[in-house]
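Residue numbers (our numbering): 18 to 106.
Right under this line is the structure:
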């Protein structure tokens, strides 16, 4: 709620309308993305020299990569190996 109160004086009507329009989840995701951009902007203004904001943002933003079947199997096998040695007592 803090993110909404930071941007909107009274977000309750807006939240109700987003729920009625069935786009509440999209609204929340967009709000979180805007807050992340604001935090990156503040960091950029105070700590980064010699780069444009877009260059800096591309550097720090995690790029989505496709997970291969081999990566998935490796992760599952690693998880199973961890659980084999787990003894809760």
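Where a beta carbon is used, it is the ideal one built from N, C-alpha and C, also for glycine.
Judged by beta-carbon spacing, residue 74 lies within the 8 angstroms limit of residue 57, meaning their Cβ atoms are closer than that value. According to the DSSP assignment, residue 34 belongs to the alpha helix (DSSP H) that extends over 28 to 37. Residues 73 of the same chain have their beta carbon placed closer than 7 angstroms to that of residue 65, with the five preceding and five following residues left out of the count. If you ignore the 5 residues before and after residue 31, its C-beta comes within less than 7 angstroms of the C-beta of 25, all in its own chain and listed in chain order.
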